[in-house]
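Each residue of the sequence shown is one higher than the one before, counting from 212 in the numbering used here.
Each residue gets a CB set at the ideal place from its N, CA and C atoms; glycine is no exception.
If you're wondering where the values come from, they're calculated on a predicted model, not measured in any experiment.
Contents: one structure, followed by commentary.
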Amino acid sequence: MRSNLFLFVAIVCFATGAATAQSVSLIGPTGQQHTITAADLAAMPHQSALVAGEKGPAKAYDGVPLTLLLQSVGAPAGKTLRGPALADMVVVTASDGYRVVLALADTDAGMRSEKVLLADRSNGSALGPTEGSFRLVVEGDLRPARAARMVKSIQVVAAP
């Protein structure tokens with residue numbers, strides 16, 4: 212009986228996304244790749260941001276600025292973010308297939324005051340099983356449609 216209960220719990224956790232990746236694949240504008248683990252992200256300097264709630268109050272998240280992560284794969288930032296790079300896109304893919312796109316310039320603190328973070332904590336605790344290990348946080352959005360949960364990869368793509 213106990214083994215059946217354990218199997219049922221394992222299946223439910225997997226089906227609801229609790230079995231999420233513990234790392235995020237980063238791909239830069241010229242193909243550079245880097246993997247960030249949950250431990251790597253936890254050790255980096257964090258910032259906080261509020262995200263509008265879909266059906267309730269805003270929620271506080273803690274994470275690492277996306278610009279900092281993208282620089283590790285050669286994405287320009289700050290004063291080097293200019294010219295053709297201003298048309299580059301950031302494609303964020305979640306383990307459930309959900310994808311969002313941001314302009315690379317929209318992720319840079321030198322271009323906008325609102326934060327864009329890869330979050331691993333909410334309200335002081337690790338993200339819950341329905342959010343996965345990592346969540347994109349786009350501060351200032353009026354609704355959290357771009358706050359992708361269960362993030363598995365982030366890629367910088369040159370505009371066509």
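Mapping DSSP to helix, strand and coil, what is R360?
Strand at R360.
Using only CA atoms, which one of G339, S333 and T341 lies nearest to V348?
S333
Cα-Cα separation between K363 and A314, rounded to whole angstroms
19 Å
Inspect the beta-carbon positions of L237 and Q244 and report whether they are closer than 9 Å.
yes
Label V312 either buried or exposed according to how many other C-beta atoms from any shown protein chain fall within 10 Å of its C-beta, with 16 as the threshold for buried.
exposed
Quick one: residues in its chain with C-beta nearer than 7 Å to the C-beta of T278, no 5 flanking neighbours on either side, listed in chain order?
A288, T318, D319 and A320
Work out the CA separation of K266 and L281 for me, nearest whole Å.
31 Å
Spatial neighbours of L353 within its chain, please: CB distance less than 8 Å, with the 5 preceding and 5 following residues excluded, ordered by chain position.
A263
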